[in-house]
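Chemist: So the sequence shown is numbered by the numbering used here: it starts at 1472 and just counts up by one. Structure in structure tokens, see below.
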Amino acid sequence: MLGGHQFIDTSALFMIREYGGFDLALLGIGRTGHIGFNEPGSHLSDQTRLVLLDQKTRLDAAQSFKGISNVPTKAITQGINTILNSKEIILMATGESKAAIVKKAMEFKYEDPSDCPATFLRVHPNCHYYFDIAAGNLLKIVKTPWLIDRNFKDWTFEWKKKAVIDLAKKTGKGICELGSEDFAQNGLTSLLAHEQFHTDKLCFSVFQDLMKRIAFASEESKIVPDNINEPVLIFSPHPDDDVISMGAMMHCIISKRKEKLSPEERDTKDINVKVCYMTNGSVSVHENNVKNHLRFSALTGEVLGKEVIHKEDVSKILEKQDKNDPDSELLQKLKANIRKAEAMDAVDVLGLQGERDCIFLDLPFYRTGKHVFIAADLSDPNGTHRVVYRAIKFALEQMGDQVQDVTCWLYRGAWQEWDVDEATYFIPFTKYQMDLKIDAIFKHQSQKIERYSLVMMLESFGRELKTEILKQLEN
1472 MLGGHQFIDT SALFMIREYG GFDLALLGIG RTGHIGFNEP GSHLSDQTRL
1522 VLLDQKTRLD AAQSFKGISN VPTKAITQGI NTILNSKEII LMATGESKAA
1572 IVKKAMEFKY EDPSDCPATF LRVHPNCHYY FDIAAGNLLK IVKTPWLIDR
1622 NFKDWTFEWK KKAVIDLAKK TGKGICELGS EDFAQNGLTS LLAHEQFHTD
1672 KLCFSVFQDL MKRIAFASEE SKIVPDNINE PVLIFSPHPD DDVISMGAMM
1722 HCIISKRKEK LSPEERDTKD INVKVCYMTN GSVSVHENNV KNHLRFSALT
1772 GEVLGKEVIH KEDVSKILEK QDKNDPDSEL LQKLKANIRK AEAMDAVDVL
1822 GLQGERDCIF LDLPFYRTGK HVFIAADLSD PNGTHRVVYR AIKFALEQMG
1872 DQVQDVTCWL YRGAWQEWDV DEATYFIPFT KYQMDLKIDA IFKHQSQKIE
1922 RYSLVMMLES FGRELKTEIL KQLEN
């Protein structure tokens, strides 16, 4: 069909013009800032046409097409000019994954609007924008309302803390180095007046608030008690989210508990820390990984004289009529087992025992104990984290008084981080613990192709985050 795209482009454009254009253009926004399939580099004069898809756009669609290799490289789209000739335009966005591009589309000043095609909509006289709280979370009117309303008066301590931290970031100063002139020169005169120009006391109170959030620095700030009689349950949406997002913290909890045990007990005693993997992650395992594992099983069977699988059966298990066909039940189970084995290897690195301490697709709310960790980086591309979060939240609500003593902690990492003003606690950890975290992540070998760059970025990201936090905590 795309071979005759010139005919399609012309006929579609003719029909649109014949009917007087669109009454309403209802648009979403992609992470590249594209509207329709008008990727960065599109121009104001562009009409309905065939376009090449950006790699990020194709990655976002990979889940729906069962792998990026199946995602089309081209698409037909209404052009920028076609869209802007609509009588009315509505742009909508939902979810944390769209927050960064929504901010760019609404607030950034581009020398060339084609760098973010959604900015072309600013010139339309009848364009309306609808964002949910998550997608609009980075907009000034939500994140820093005092920069929009110079007479902002809702100065609760939380808003004060946000303002002071934001000011420290802007000026590059430590929180306790900020002076009245910094507030006055950066749109915070209303806060200055609210504090009667005594900024030292305000800055010190924010500094103290942040300092007390450094976990394990004192008995009062421990997130999880060392008492092994208090169970800890960590929910992981996929079989690698636990070590990617809180691997170092897991080691902190595990090592603190093991310190209380004798050397003989440390390798055998159950320290009451469990990881529950909500999905088996089979959809992200490539057939080549399955083939390698099956071949290994066949070769091992020959060595041991206990044949588990025939060599000729390997191709039969992987055989499909069409590459887009869903995996057979057997293939799904084999892929799931690969992820399970990797997850168990990963927690072994951190000091747990995989066979004993990993729970797969068994939601043990009745034995959660007092400390529950839930993934809250809800902007993962395939939406699994959000579904899992809602499922756990609903289950806890249904149990009511039965879980009234449970403390729930939300962790983020792979797809989203907490801002400094949002975090309840900061978890300091050593180079050794970072190395353990990376080793644990590398145990998920079937995911290396897709997440290799993420793992490589962990060390530099850790250094950047540490520097950012230290800047704001330094006195």
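Backbone N, C-alpha and C fix where the C-beta goes; we use that ideal spot for every residue, glycine too. Just so you know, these numbers come straight off a predicted model, no measurement behind them.
For D1486, which of helix, strand or coil comes out of DSSP?
Modeler: For the sequence presented, residue 1486 should be read as Met rather than Asp. Correct three-state label for M1486: helix.
Chemist: Sort P1696, A1533, K1777 by Cα distance to N1743 and report the nearest one.
Modeler: P1696
Chemist: Report yes or no: do the segment 1654–1667 and the segment 1608–1626 share at least 3 C-beta pairs separated by less than 8 Å?
Modeler: yes
Chemist: For G1871, which residues from the same chain have a beta carbon less than 7 Å from its beta carbon, with the 5 sequence-adjacent residues on both sides left out?
Modeler: none
Chemist: Pop quiz: K1710 and G1752 are said to be a contact at Cβ under 8 Å. What is the actual Cβ separation, rounded to whole angstroms?
Modeler: According to the sequence displayed, residue 1710 carries Pro and not Lys. That belief holds up - the Cβ atoms of P1710 and G1752 are roughly 5 Å apart, short of 8 Å.
Chemist: In chain order, what residues of the same chain have a beta carbon less than 6 Å from the beta carbon of E1666, not counting five sequence neighbours either side?
Modeler: If we look at E1666 and ignore the five residues flanking it on each side, its Cβ neighbours are L1673.
Chemist: Since C1587 and P1511 should fall inside the 8 Å C-beta cutoff, what is the C-beta to C-beta distance between them, to a whole number of angstroms?
Modeler: 7 Å
Chemist: So for V1785, helix, strand or coil by DSSP?
Modeler: helix
Chemist: Between which two residues does the alpha helix (DSSP H) harbouring E1559 extend?
Modeler: Unbroken run through E1559 is the beta strand (DSSP E), 1559–1564; no alpha helix (DSSP H).
Chemist: Is DSSP giving S1799 helix, strand or coil here?
Modeler: coil
Chemist: Whose C-beta lies closer than 6 Å to the C-beta of I1561 among residues of the same chain, with five residues either side of it excluded?
Modeler: Only L1497, H1599 meet the Cβ criterion.
Chemist: Would Y1581 and T1590 qualify as a contact pair, given that the criterion is a beta-carbon distance under 8 Å?
Modeler: yes
Chemist: Could you pull out every residue in the same chain whose Cβ sits closer than 6 Å to the Cβ of L1925, ignoring the five residues on either side in sequence?
Modeler: Note that L1925 scores 48 on pLDDT, short of 50, meaning its location in the model is unreliable; the coordinates nonetheless yield the value given after this. None.
Chemist: Please state the DSSP three-state secondary structure of H1599.
Modeler: strand
Chemist: So, for T1855: in the same chain, excluding its five sequence neighbours on each side, which residues have a beta-carbon less than 7 Å away from its beta-carbon?
Modeler: P1708, H1709, T1750
Chemist: Name the residue from I1845, G1718, V1677 whose alpha carbon lies nearest to the alpha carbon of D1906.
Modeler: G1718
Chemist: Straight-line CA distance for T1839 to A1686?
Modeler: Bear in mind that a pLDDT of 41 at T1839, under 50, signals an unreliable position, so the number given afterwards is only what the model happens to contain. Computed Cα separation, rounded: 22 Å.
Chemist: Okay, do the segment 1863–1877 and the segment 1719–1738 touch, 3+ Cβ pairs below 8 Å being the bar?
Modeler: no
Chemist: Between the alpha carbons of G1492 and R1857, how many angstroms are there, rounded?
Modeler: Distance between the alpha carbons of G1492 and R1857: 38 Å.
Chemist: Starting from the C-beta of P1584, find all residues in its chain whose C-beta is less than 6 Å away, skip the five residues before and the five after it, and write them out in chain order.
Modeler: T1590, F1591
Chemist: In three-state DSSP terms, what is F1668?
Modeler: Coil, per DSSP.
Chemist: In the DSSP assignment, find the alpha helix (DSSP H) that holds V1714 and state where it starts and stops.
Modeler: Taken as a continuous stretch (DSSP letters only), the alpha helix (DSSP H) holding V1714 covers 1712–1730.
Chemist: Under three-state DSSP, which class holds Y1837?
Modeler: Interpretation of Y1837 is limited by its pLDDT of 33, a score under 50 that renders its predicted location unreliable; the figure taken from the coordinates is listed afterwards. For Y1837, the secondary structure class from DSSP, reduced to helix, strand or coil, is helix.
Chemist: In its own chain, which residues sit with a C-beta less than 8 Å from the C-beta of Y1923, not counting the 5 before and 5 after it?
Modeler: Unreliable placement is indicated for Y1923, whose pLDDT of 46 sits below 50; the coordinate value is still reported in the next sentence. Around Y1923: no qualifying Cβ.
Chemist: Considering only DSSP beta bridges, list what A1546 is partnered with.
Modeler: V1522
Chemist: Could you tell me the alpha carbon to alpha carbon distance between L1834 and R1621, rounded to whole angstroms?
Modeler: Reliability of the predicted coordinates at L1834 is poor, the pLDDT of 44 falling under 50, and no value is obtained from them.
Chemist: So is G1822 buried or exposed if we call it buried at 16+ other beta carbons inside 10 Å?
Modeler: buried
Chemist: Ends of the beta strand (DSSP E) at S1707?
Modeler: 1703–1707
Chemist: Please check if any C-beta of chain D sits within less than 8 Å of the C-beta of T1519.
Modeler: Given the protein chain composition of this structure (a single chain), no chain D is represented.
Chemist: Give the secondary structure of F1897 by DSSP, where H, G and I count as helix, E and B as strand, and everything else as coil.
Modeler: strand
Chemist: From L1484 to L1609, what does the alpha carbon distance come to, in whole angstroms?
Modeler: A straight-line Cα-Cα distance of about 37 Å links L1484 and L1609.
Chemist: Among the residues of its own chain, which have a CB less than 7 Å from the CB of M1486, if the five just before and after it don't count?
Modeler: Residues of the same chain with their beta carbon placed closer than 7 Å to that of M1486 are lacking, with the five preceding and five following residues left out of the count.
Chemist: Evaluate Y1748 with the Cβ neighbour count: other Cβ atoms within 10 Å of its Cβ, from every protein chain shown; 16 or more gives buried, anything less gives exposed.
Modeler: buried
Chemist: For I1572, collect the residues of the same chain with a Cβ closer than 7 Å to its Cβ; drop the 5 residues on either side in sequence, then sort them by chain order.
Modeler: I1500, R1502, G1504
Chemist: D1828 and V1818 - do their beta-carbons sit closer together than 8 Å?
Modeler: Their beta carbons are under 8 Å apart, which means V1818 touches D1828 by this criterion.
Chemist: Would a C-beta distance cut-off of 8 Å place V1761 and K1806 closer than the cut-off?
Modeler: yes
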